[in-house]
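Report on the structure given below.
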Amino acid sequence: LKNHEFTFDVDVSNLPCGLNGALYFSNMKADGGLSTEPNNKAGAKYGTGYCDAQCPHDIKFIKGEANVLDWTPSSNDSNAGKGRYGACCSEMDIWEANSISTAYTPHSCTTNGPYRCEGATECGDGSSRYSGVCDKDGCDFNSYRMGDKNFYGPGKTVDTTKRMTVVTQFITADGTDNGKLEKIRRIYVQDGKIIANSKVNIPGMQAWDSISDAYCAEQKTAFGDNNHYATVGGMGPMDTAFSGGVVLVMSIWDDYEANLLWLDSNMPADGDPSKPGVARGSCPITSGVPAELEAAFPNSSVTYSNIKFGPIGSIYTGTVTSSSSARPVSTSSSTRASSSSTRASSSSSTRSSSSSRTSSTSSSVSGGVAHWGQCGGELKVF
9 LKNHEFTFDV DVSNLPCGLN GALYFSNMKA DGGLSTEPNN KAGAKYGTGY
59 CDAQCPHDIK FIKGEANVLD WTPSSNDSNA GKGRYGACCS EMDIWEANSI
109 STAYTPHSCT TNGPYRCEGA TECGDGSSRY SGVCDKDGCD FNSYRMGDKN
159 FYGPGKTVDT TKRMTVVTQF ITADGTDNGK LEKIRRIYVQ DGKIIANSKV
209 NIPGMQAWDS ISDAYCAEQK TAFGDNNHYA TVGGMGPMDT AFSGGVVLVM
259 SIWDDYEANL LWLDSNMPAD GDPSKPGVAR GSCPITSGVP AELEAAFPNS
309 SVTYSNIKFG PIGSIYTGTV TSSSSARPVS TSSSTRASSS STRASSSSST
359 RSSSSSRTSS TSSSVSGGVA HWGQCGGELK VF
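Residue numbers (the numbering used here): 9 to 390.
This is the structure in structure tokens:
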């Protein structure tokens, strides 16, 4: 992915407040540990090997062993629970979104690849959140949270009533595939027009439009947040993860831990929305209750299609609508990367507590919103 761009089309028009259609990269093994764990005879095809930066405890098999020690069943899901161990690894959230808000977020870990954590401190559980091996908060870029409330949403600059192309570019320091990852840039294409990412409009911050270590340091200071992102190594572990290979995951889920307020409303819920960093979207603080969502929106859906990756500037086309550094290569390019290009099928997928992961896939994910979450929830699956 380094010195490359990753693009996909997405339709979030059928995702209301409280639902998250997510697409992200996990630093798990592509085979789910099949080749390295003697006790693992299942592999990714049958749902083993998953990990992410939340160090989820609801993974039923970790490192080839059942996570049965201290297993506590979930109070609201007969198929879920939490065990002694967590499954940790770096995670790049390319896309977490509904029709109201979106964010992209690197979550780095001090460990490389899948790691089984044990204990509150190592796993970063509860009050030890900022002591763990992974950065659970991550360093997010949410346009609404970063000061542009008119950029993303129904009828806004990026209109969520329509399908859009999402472009993420991974910029290296020297412009080569082996260079150090230093910046993650976001661009949109809609109705044939290239839309540069919104710029930060927060007191004390520069007008950033991309994620970098400098951006993250300023953001954490401006919002008064713990910079665990820097503590675990900033962009460095993400660079390492990309160099070794990551696995693409897609999901749709609701949040049993925090009602997804961290994405599309105020977090904390009782915080002052006029304080920088509190407001993340226009959804009411009473929204996002899973039981209510599942009853009111049983046919919610997100559709991903046209997933591609290739050299920066080679995949997407369109007309530039505003001045920006969005496209470092000629906008007339119509070259399509051949390394991965798939289109969504019309069939829908439902959730289970364990499922396979694929490194290049495209699907329509709909119906039966999931219990598993990530930033503030538990495990995302599809």
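Virtual Cβ for every residue (Gly too), placed ideally from N, Cα, C.
Here the structure is a predicted model, which is why all the values come from computation and not from measurement.
Nearest residue (CA-CA) to residue i, options the options
i, options, result
"S308", "N314, F317, P298", "P298"
"V240", "V20, G140, W103, K71", "G140"
"R137", "Y264, N235, S251, N22", "N235"
"L31", "S322, I315, G326", "I315"
"S21", "G161, P64, A215, N75", "G161"
"K37", "T80, G127, G89, G51", "G51"
"I70", "T44, K144, R124", "R124"
"I320", "P46, S220, E190, F178", "F178"
"H65", "D263, S290, I203, G89", "G89"
"M172", "I203, D145, C63", "I203"
"K188", "F305, T180, I195", "T180"
Check whether residue i and residue j have beta carbons under 9 Å apart
i, j, result
"A230", "P284", "yes"
"T113", "C142", "no"
"S151", "I192", "no"
"C131", "G94", "yes"
"A61", "C25", "no"
"G296", "L269", "yes"
"D247", "K53", "no"
"L301", "R288", "no"
"G318", "E13", "yes"
"V174", "I102", "yes"
"N209", "M154", "yes"
"S313", "F16", "yes"
"L42", "I260", "no"
"P122", "C97", "yes"
"I108", "T168", "yes"
"A111", "G29", "no"
Opposing strand residues paired with residue i [DSSP bridges]
i, result
"T176", "F14, R194"
"C96", "D60, Y123"
"L189", "T180"
"D101", "Y32, T113"
"A74", "F69"
"P81", "G89"
"C142", "C117"
"A204", "I195"
"D167", "G161"
Cβ neighbour criterion (16 or more within 10 Å) applied to residue i
i, result
"D254", "Per the sequence shown, the amino acid found at residue 254 is Val instead of Asp. Under this definition V254 is a buried residue."
"Q227", "buried"
"V328", "exposed"
"G401", "In the structure displayed, the chain extends from 9 to 390; residue 401 sits before or after that span and is not available."
"G40", "buried"
"L256", "buried"
"P245", "buried"
"S391", "The question about residue 391 has no answer, for the chain in this structure spans 9 to 390."
"G183", "exposed"
Complete runs of the beta strand (DSSP E) confined to the region 250-338 [at least 3 residues]:
Whole beta strand (DSSP E) segments, 3+ residues: 255-262, 309-319.
Run through the region 206-231 for me and flag every whole alpha helix (DSSP H) of 4 or more residues, listed as ranges in chain order.
Qualifying alpha helix (DSSP H) stretches, in chain order: 221-231.
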